[in-house]
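Presented below is the structure to which this report refers.
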Amino acid sequence: MSGNIQSIKNYRKLRVIGRGAHGLCSLYQKKSDALNKKVVIKSISLECRNETEKKAILYEAHLLNQLRHPNIIRLCSSFVELEQLHIVMEFVDGGTMDSMIRERNGNKMGQDLILYYFTQIILALNYIHNKNILHRDLKTQNIFLNRKRTIVKVGDFGISKELSSKNVASTGIFNDGDIDVRHWHSQLLIPEICEGRAYDIKSDIWSMGCVLYELVELKKAYDGDSFPSIVLRITRGKHGPISAEVSSQMKQLILHMLELDERQRPNTKDLLTHSLIIQKWYEIHVNLGRIEPPMME
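Reading the sequence shown from the start, the letters are residues 1019 to 1315 in our numbering.
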């Protein structure tokens, strides 16, 4: 939390962007900023909340406050005013990856561009996984791009969870009773969740497989006419087809991440040393200059 005295009155509201996991997101300008820099503020009501609910709502600010990575949306400050928690975050003006995909109208991207985007997502996830944090809602709607669409940033950690000693079993995984599969509209379904099984950071890997599939095919990996039909496709591993023109290496990378058995999925370090990824990783490091290579044990 920021130590400075702040008020929402110090910001000029421009427009509503949408709803996050717990609150309303709007675009603002700080009134005292001569550069008219824009920020995103997520405003979350704390009224009529019990202590457990308040703790869950405040957790997003706690998580964001400890994350510092060029491929993760940065928290600028946060404050509580009149029973409202306001989380001030950087504004990334290139839109979401989901909107970029829809704008392409079926015009598929080349493999180099796909890997350029996807490697940055891996770097972000590798960073949070090294901090024992699980994103739990990784999807193209929560991945943002700068105006030039050269830098990718992962956001919306509203339902993230830290793998602390309180919720990690001896096996290094945790059972999570706070995810209800009926809330599929706001949470990306994962085989482990659909089947009510324990899961770990490999759940994020499955979600990354869905993101990569969507970048390649410009459509969702799992789709259906109803909620039960989507769950059935996920639990049976019945993802959409992969086009014949996709390289065998790319196809195998997608399939590896979409393994139903989470133990068979790679981790982020495995992904960063994949033959398709490692060259792109160093290219990104050189071109952007400020993306540090992750520690490799």
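Think of the CB as a built atom: it goes at the ideal place given N, C-alpha and C, for glycine as much as any other residue. No experiment lies behind these values; they were computed from the predicted model shown.
Enumerated in chain order, which unbroken segments of the alpha helix (DSSP H) with a length of 4 residues or greater are wholly contained in the stretch 1208-1265?
1209-1212, 1220-1235 and 1245-1253
Return helix, strand or coil for Ile1075, following the three-state DSSP convention.
helix
Label Cys1066 either buried or exposed according to how many other C-beta atoms from any shown protein chain fall within 10 Å of its C-beta, with 16 as the threshold for buried.
exposed
Nearest to Val1234 (by Cα), restricted to the options Pro1209, Val1110 and Arg1120:
Arg1120
So for Thr1114, helix, strand or coil by DSSP?
strand
Status (buried if at least 16 other CB within 10 Å, exposed otherwise) for Arg1254
exposed
Which term fits Val1304, buried or exposed, when burial requires 16 or more other beta carbons within 10 angstroms of its beta carbon?
exposed
If you draw a straight line from the alpha carbon of Val1079 to that of Arg1215, how long is it in whole angstroms?
Per the sequence shown, the amino acid found at residue 1079 is Ala instead of Val. Their backbone Cα atoms lie some 28 Å apart in a straight line.
Can you find the residues in the same chain that come closer than 6 Å, C-beta to C-beta, to Ser1188, ignoring five residues on each side of it along the sequence?
Low per-residue confidence applies at Ser1188: pLDDT is 27, beneath 50, and the placement is therefore not dependable enough to give any value.
So which of Gln1129, Glu1232 and Leu1207 has the shortest CA-CA distance to His1153?
Leu1207
Sort out for me which residues DSSP pairs Tyr1029 with in a bridge.
Lys1048
For Lys1089 and Val1172, which I take to be in contact (beta-carbon distance under 8 Å), what is that distance rounded to the nearest angstrom?
Per the sequence shown, the amino acid found at residue 1089 is Asn instead of Lys. Contact flag correct, Cβ pair sits at about 6 Å.
Cα-Cα separation, Leu1045 to Leu1076:
20 Å
Mark Ser1244 as exposed unless 16 or more other C-beta atoms lie within 10 angstroms of its C-beta, in which case mark it buried.
exposed
Determine the closest residue to Asp1288 out of Lys1237, Glu1210, His1147 and Pro1209, with distance taken between C-alpha atoms.
His1147
Helix, strand or coil at Ile1139 [DSSP, three-state]:
helix
Restricting to runs no shorter than 4 residues, where is the alpha helix (DSSP H) found entirely within the stretch 1279-1306?
1286-1290 and 1293-1306
In the DSSP output, what is Arg1037 paired with across the bridge?
Leu1042
Going along the chain, which residues of its own chain have a beta-carbon closer than 6 Å to the beta-carbon of Val1034, five neighbours each way excluded?
Ser1044
Straight-line Cα distance separating Val1058 from Ile1161:
15 Å
Let me check understanding here. Comparing Cα to Cα, which of Glu1101, Lys1126, Asp1116 and Arg1086 lies closest to Met1107?
Arg1086
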